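Residue numbers (UniProt numbering), protein chains in the order written: chain H, 1 to 392; chain D, 1 to 183.
Note that CB positions come from ideal geometry on N, CA and C, so glycine has one too.
Note that the structure is a prediction, hence the values are computed from the model and not measured.
A short worksheet on the structure shown next.
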Amino acid sequence: MTSVLGRLLYYECAVPLVRYRHFLVGKPPGVARSLEQRLAELNYKDPTLHFKVNIGFKPPVPPKASSVRKELAALRCSKELEHLARTQKLEIPLEAVEETWKTTGAPFHIKTIAEHYGVFQDLFGDAYFYPVKPLDIDYKSGDLYHPVYRGNVIKPSEASKPPEVQYKSDPNTLWTLILTNPDGHFTEENAEYILWFIGNIPGCNLNKGDVIWDYLQPFPAFGTGYQRCIFILFKQDQKIDYSSMKKDIPCLQLSKRTFKTEDFYRQHQKDITPAGLAFFQTDWDPSLTDFYHNVLQMKEPRYEYDFPEPYIAPQEWFPRRKPFNIYQDKYRDQKAIAKEYLLKKFKNRHPFEKPPTPLRFPNAHPIDHKIPSWLKEEMKKDRLGWGRINDY
Amino acid sequence: MTKCLLSVKHLKTFSVLKHSTNALVAIENDEIKPCVYNRNPRNLERMRIAYKPTGFHLEAPGREFWHKIDVKQNNRYVTASVIHWTGPKVIEASTKEWAIKKYLYRCTDAAAYRNLAKVFAQRCLESGISNLYCNIDAPPEGKVAVFLSEVEKAGLSLTEPTRFLPWRPWDRHRPEKPWEVLE
């Protein structure tokens with residue numbers, strides 16, 4: 001009898017040292033498709049249906065090799081340059097590099113990074129454009145300039161005043177500049193808040209344009225993370241009458257700032273062509289509390305990311321090798337657990353006296369040996385501040 | 001031309017925690033929904049809660065990153081790029097570009113690597129990407145090591161933060177939420 005029980009216990013507790021038959025589920029590796037191949041098959045999109053349309057200007061053509069060959073040959077023979085390169089003293093002028101880049105590689109690079117930030121997908125759906133017109137946008141706060149590039153972070157307090165916008169243009173041409181925030185609309189899922197809209201700008205003189213929506217600083221709510229604020233410059237073929245869209249200035253009612261760039265573009269696509277793009281990311285900062293209360297005159301909303309609920313396996317009648325208290329707490333009413341902890345907390349706390357000083361060496365204090373071990377563990381955890389005690 | 005409106009797959013839900021204080025209600029801005037959808041595909045990566053593929057334990061090179069730095073050289077040019085874990089090359093700087101090439105003596109020497117690093121780092125910072133995963137095993141005092149040190153000097157960090165996983169009631173510790181820490 002004892003030997004049978006002993007054997008049973010042995011099988012229960014010991015790690016099974018059994019080697020099972022070798023078997024394969026499905027085709028062997030090498031024959032079966034890899035995960036990558038299977039995902040590619042699953043995510044396949046038919047190019048005849050899912051294609052993107054270029055709605056902008058043609059990107060610049062890079063200089064031909066034949067046209068720069070002479071200049072390059074001169075560089076390769078330059079003794080002075082060779083000396084600098086060999087002694088590790090060659091420093092290329094970064095500003096000049098950027099200037100040349102703006103007219104050669106920039107439209108391609110800005111388009112790539114804008115696609116990475118989902119700019120075209122969220123603003124234009126299945127359309128894209130090459131930002132051929134370089135935009136120089138600077139927010140000035142105090143003596144500091146905060147330039148807008150393509151995804152850098154600018155805090156709302158730094159963007160409280162309208163920025164200085166510069167681009168090269170002929171004074172006889174007309175332009176439309178918009179600043180829009182596609183993230184964090186408070187009532188609609190796929191809508192944007194328009195933060196700035198100036199139409200019929202002659203050249204780059206923004207003061208002479210028609211202000212349809214006046215400038216409103218970005219106001220990302222607490223907890224929503226980083227929101228994109230996107231500047232788009234459209235080139236107009238002719239003067240456009242925006243008077244139907246015009247709002248009273250200052251426009252502080254957020255529902256009147258609801259905007260959809262795609263709808264706007266569809267309405268005026270015969271007369272406008274997107275030419276410039278710049279965007280920054282912004283997240284909550286303490287200056288916004290005041291802005292919500294005094295300017296927008298609303299309660300300050302606070303959000304938190306909604307994590308998916310953890311998976312909890314269906315409860316078993318006889319869970320094996322699981323500590324019964326930890327196991328059962330997963331299936332109990334969470335409010336009952338909270339009540340238990342709170343009652344325990346208030347029992348030891350006098351309403352008018354100072355709370356007891358925390359123990360210096362919590363686990364050096366002996367626990368009655370008659371207490372069951374699981375309860376001892378619980379007491380130790382509470383003393384150390386581990387686990388559920390932090391929640392209540 | 002068929003245009004499907006905005007895909008919903010990048011949307012992430014946020015639910016309202018609490019309203020802070022009362023305020024005057026003169027402009028009707030208070031009617032807001034309990035959920036806000038932040039469509040920015042880079043938001044969760046910046047908040048450190050986006051998914052990162054872990055790959056297999058013994059796999060080399062590892063694939064646990066959001067953005068990875070990559071330096072490649074061929075016979076003529078050096079190209080540095082940032083690769084996203086989903087595959088696309090999102091930022092690129094190369095000595096092939098006329099803007100850089102026209103100031104260099106040779107397109108693959110140490111001076112080219114050092115200067116390319118500066119341009120590359122500047123482009124990354126301007127694009128809002130300042131943390132990159134790096135698994136380049138560069139021999140010390142080689143050209144690639146020069147490149148990497150120069151990139152770090154310019155303000156890029158060659159490590160990515162770890163992913164923040166939400167704590168559960170049965171976990172021992174309650175780590176601080178990254179988005180509640182103000183810089």
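Closer than 9 Å to chain D by CB, H:Ile-240: Under the Cβ distance rule, H:Ile-240 does not count among the residues neighbouring chain D, no pair being separated by less than 9 Å.
Listed by chain order, chain H residues near D:Pro-166 by CB distance under 8 Å: In chain order: Phe-307.
Backbone secondary structure at H:Ser-243 - three-state DSSP: The answer is coil: DSSP assigns H:Ser-243 none of H, G, I, E or B.
C-beta contact flag for H:Gly-225 and D:Trp-179 at 9 Å: Result yes, Cβ atoms of H:Gly-225 and D:Trp-179 sit closer than 9 Å.
Assigned secondary structure, H:Cys-229 (DSSP; H/G/I helix, E/B strand, else coil): Strand, per DSSP.
Own chain, CB closer than 6 Å to H:Trp-374, minus 5 neighbours either side, in chain order: Answer for H:Trp-374: Asn-325, listed in chain order.
Host beta strand (DSSP E) of D:Lys-68 (start-end): DSSP places D:Lys-68 inside the beta strand (DSSP E), whose first and last residues are 67-73.
Residue-chain proximity (D:Ser-149, chain H), Cβ-Cβ < 9 Å: Judged by the 9 Å Cβ criterion, D:Ser-149 is not in contact with chain H.
D:Trp-170 beta carbon less than 9 Å from that of H:Arg-388: Taking 9 Å as the Cβ cut-off, H:Arg-388 and D:Trp-170 qualify as a contacting pair.
Nearest-angstrom Cα separation, counted from H:Asn-363 out to H:Lys-381: So the alpha carbons of these two residues sit roughly 9 Å apart.
Paired residues, beta bridge with D:Lys-89 - DSSP: As computed with DSSP, D:Lys-89 is found in a beta bridge with D:Ile-83.
Stretch pair the segment 137-157 of chain H + the segment 120-135 of chain D: three plus CB contacts closer than 8 Å: Yes: the two stretches touch, three or more of their Cβ pairs being nearer than 8 Å.
Beta carbon proximity, H:Pro-310 to chain D, threshold 9 Å: Chain D, which has a Cβ nearer than 9 Å to the Cβ of H:Pro-310, makes this yes.
Proximity test, Cβ basis, 9 Å: H:Ser-34 and chain D: Proximity of H:Ser-34 to chain D, defined by a Cβ-Cβ separation below 9 Å, is not satisfied.
Selection from H:Lys-208, H:Ile-194 and H:Lys-370 that minimises the alpha carbon distance to H:Phe-219: Ranking the options by Cα distance to H:Phe-219, first place goes to H:Ile-194.
Residue 445 of chain H, DSSP secondary structure in three states: Outside the shown range of chain H, which is 1 to 392, sits residue 445 of chain H, and nothing can be said about it.
Spatially closest choice to H:Val-68 from D:Val-151, D:Lys-96, D:Arg-168 and D:Leu-165, by CA coordinates: The shortest C-alpha separation from H:Val-68 is found at D:Lys-96.
CA-to-CA distance, D:Leu-156 to H:His-185, given in whole angstroms: Here the alpha carbons of D:Leu-156 and H:His-185 stand approximately 32 Å from one another.
Alpha helix (DSSP H) segments (min. 4 residues) lying fully within the segment 289-329 of chain H: Qualifying alpha helix (DSSP H) stretches, in chain order: 324-329.
Range of the contiguous beta strand (DSSP E) that encloses D:Val-146: Counting along the chain, D:Val-146 falls outside any beta strand (DSSP E), though it belongs to the alpha helix (DSSP H) covering 143-153.
H:Gly-203 and H:Val-132 closer than 9 Å at C-beta: No.
Within 8 Å of chain H by C-beta, residues of the segment 122-136 of chain D in sequence order: Within the segment 122-136 of chain D, the residues whose Cβ lies closer than 8 Å to some Cβ of chain H are Gln-122, Arg-123, Leu-125, Glu-126, Ser-127, Gly-128 and Ile-129, listed in chain order.
Residues that DSSP places opposite H:Asn-181 in a beta bridge: BP columns for H:Asn-181 point to H:Tyr-193.
is_contact[D:Ile-100, chain H] using C-beta, thresh 9 Å: Closer than 9 Å to some Cβ of chain H, the Cβ of D:Ile-100 qualifies, so yes.
Amino acids of chain D, ordered along the chain, whose beta-carbon sits closer than 8 Å to that of H:Arg-388: Listed by position along chain D, the residues whose Cβ is nearer than 8 Å to that of H:Arg-388 are Pro-169 and Trp-170.
DSSP-derived helix/strand/coil call for H:Glu-82: Of the three classes helix, strand and coil, the one that applies to H:Glu-82 here is helix, per DSSP.
Residue range of the unbroken alpha helix (DSSP H) whose run includes D:Ala-50: Element bounds for D:Ala-50: n/a, residue is neither H nor E.
H:Val-53 versus D:Lys-89: straight-line alpha-carbon distance, rounded: Inter-residue distance for H:Val-53 and D:Lys-89 is about 21 Å (C-alpha atoms, whole angstroms).
Through-space distance from H:Leu-17 to H:Pro-323, alpha-carbon basis: C-alpha separation (whole angstroms): 24 Å.
Which listed residue (H:Ala-32, H:Lys-140 and H:Ser-157) has its alpha carbon closest to that of H:Ser-287: Closest option to H:Ser-287, Cα to Cα, is H:Ser-157.
Cβ neighbours of H:Phe-120 in the same chain (closer than 7 Å, five flanking residues each side left out): Within the same chain, H:Phe-120 has close Cβ partners Ala-114, Ala-127 and Tyr-128.
Pick from H:His-268, H:Lys-58, H:Trp-213 and H:Arg-360 that is closest to H:Phe-108, judged by C-alpha positions: H:Phe-108 has its Cα closest to that of H:Lys-58, out of H:His-268, H:Lys-58, H:Trp-213 and H:Arg-360.
Chain D contact for H:Ile-337 (CB, 9 Å cutoff): With its beta carbon less than 9 Å from one in chain D, H:Ile-337 belongs to the interface.
Beta-carbon separation (whole angstroms), D:Arg-63 vs D:Phe-164, contact threshold 8 Å: In this structure D:Arg-63 does not touch D:Phe-164 by the C-beta definition: roughly 19 Å separates them, more than the 8 Å allowed.
Where H:Asp-210 sits in the DSSP three-state scheme: Shown here, H:Asp-210 sits in a strand according to DSSP, grouped into three states.
Which of helix, strand or coil DSSP assigns to D:Arg-114: Looking at D:Arg-114 - three-state DSSP - the assignment turns out to be helix.
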